[in-house]
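The block underneath contains the structure these notes are about, expressed in structure tokens.
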Amino acid sequence: MKGSEGMQVYKNSQELIDQIRESYHKFIDEYEGISDDVADERIDQVDKTPREMLSYQVGWINMILSWEKAEAGGANITTPTPGYKWDQMRELYHDFNIKYGSDGIQNEKAELGSVVAELIEWIDNMSHDELFKPGERKWATTKAMWPVAKWIRINAVSPFNNYSRQVRKWKNFNLRDKKPVNS
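For the sequence shown, this note's numbering gives the first residue as 1, with consecutive numbering after it.
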């Protein structure tokens with residue numbers, strides 16, 4: 001169901017969890033045939049490499065989970081993360097690539113699977129109000145007053161959907177003339 005802003009609205013946490021699982025699997029399945037020797041190849045038709053898209057997802061989900069852990073521990077939270085402002089996303093994404101993308105694509109895929117499982121477990125343990133009511137988390141309380149579910153949608157579900165199409169496009173342009181590569 002769509003809300004007034006055209007953004008997905010969920011009836012309950014299970015709908016959000018189902019959407020995360022579905023979009024995650026569509027995304028990660030696109031990595032079939034992409035190995036470390038080609039994962040950093042850039043093409044004009046897609047603005048990020050497959051490794052960069054993977055790093056972006058690992059980085060954002062880890063960041064959201066870190067905000068939650070910090071708030072639960074009583075710490076003050078700096079968003080997006082200490083040392084970065086919201087107008088420095090390019091630099092942050094570069095650091096995601098260094099932090100998460102340097103251990104090999106298989107390890108990064110495993111890391112993403114792990115943080116997605118942690119995200120789902122966290123959502124499953126939240127109350128309806130914590131997930132869907134604005135102002136329930138300090139880290140999610142901005143001028144926009146988004147509920148936690150919207151933060152999750154924008155930083156997990158939507159990029160999974162978008163990036164699955166981008167990875168497929170990358171593969172079509174980059175791998176079509178090459179022999180299949182084992183992942």
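All residues carry an ideal CB built from backbone N, CA and C; glycine is no exception.
Note that the coordinates shown come from a computational prediction; the quantities given were computed from them, not determined experimentally.
Please tell me whether residue 70 and residue 64 are closer than 7 Å, where the distance is taken between their beta carbons.
Numbered from 1 along the sequence shown, position 70 holds the residue referred to as residue 70. Numbered from 1 along the sequence shown, position 64 holds the residue referred to as residue 64. No; because the gap between Cβ atoms is not below 7 Å, this pair is not in contact.
Three-state secondary structure (DSSP) at residue 84?
On the sequence shown, residue 84 is found 84 positions in, with the first residue counted as 1. Of the three classes helix, strand and coil, the one that applies to residue 84 here is strand, per DSSP.
For a test of the three-state rule: what should DSSP assign to residue 2, helix, strand or coil?
In the sequence shown, residue 2 corresponds to position 2, counting from 1. With a pLDDT of only 43 at residue 2, under 50, the local geometry of the prediction cannot be trusted, and the value read off the model is given with reservation. Of the three classes helix, strand and coil, the one that applies to residue 2 here is strand, per DSSP.
Leaving out the 5 sequence neighbours to the left and right, which residues in its chain are closer than 6 Å to residue 1 when beta-carbon positions are compared?
Along the sequence shown, read from residue 1 onward, the residue named residue 1 stands at position 1. Reliability of the predicted coordinates at residue 1 is poor, the pLDDT of 42 falling under 50, and no value is obtained from them.
To the nearest whole angstrom, what separates the beta carbons of residue 17 and residue 129, a pair I think is in contact under 8 Å?
Your numbering for residue 17 matches position 17 in the sequence shown. Your numbering for residue 129 matches position 129 in the sequence shown. About 17 Å separates the two Cβ atoms, so there is no contact after all.
For residue 43, which beta-bridge partners are listed by DSSP?
The residue labelled residue 43 in the question sits at position 43 within the sequence shown. For residue 43, which the question treats as bridged, DSSP gives the partners 46.
Got a sec? Which residues, its chain only, sit under 7 Å from residue 39 by beta carbon, not counting five neighbours each side?
In the sequence shown, residue 39 corresponds to position 39, counting from 1. 49, 50, 51 and 105, listed in sequence order.
Residue 133 to residue 147, Cα distance in whole Å?
For the purposes of this step, residue 133 is taken as the residue at position 133 of the sequence shown. For the purposes of this step, residue 147 is taken as the residue at position 147 of the sequence shown. Computed Cα separation, rounded: 5 Å.
Taking DSSP as the reference, what is the three-state secondary structure of residue 75?
Locating residue 75 in the sequence shown gives position 75, where the first residue counts as 1. Looking at residue 75 - three-state DSSP - the assignment turns out to be coil, as it is neither helix nor strand.
Where does residue 127 fall in DSSP's three states?
Stepping through the sequence shown from its first residue, residue 127 is reached at position 127. Residue 127: coil per DSSP, three-state reduction.
Helix, strand or coil for residue 9? Go by DSSP, reduced to three states.
Your numbering for residue 9 matches position 9 in the sequence shown. Correct three-state label for residue 9: coil.
Please classify residue 175: does DSSP put it in a helix, a strand, or coil?
Counted from its first residue, the sequence shown places residue 175 at position 175. Residue state, collapsed to three classes: coil.
With C-beta atoms as the reference, is residue 170 less than 7 Å away from residue 46?
Position 170 of the sequence shown holds residue 170. Position 46 of the sequence shown holds residue 46. Yes, the Cβ-Cβ distance between residue 170 and residue 46 is below 7 Å.
How would you label residue 110, buried or exposed, when you count the other beta carbons within 10 angstroms and need 16 or more for buried?
Your numbering for residue 110 matches position 110 in the sequence shown. Residue 110 is exposed by the Cβ-count criterion.
Look up residue 144 in the DSSP assignment and say whether it is helix, strand or coil.
In the sequence shown, residue 144 corresponds to position 144, counting from 1. Residue 144: coil per DSSP, three-state reduction.
So which of 175, 172 and 164 has the shortest CA-CA distance to residue 28?
Here residue 28 refers to the residue found at position 28 when the sequence shown is read from its first residue. Selected option, being the one with the closest Cα: 164.
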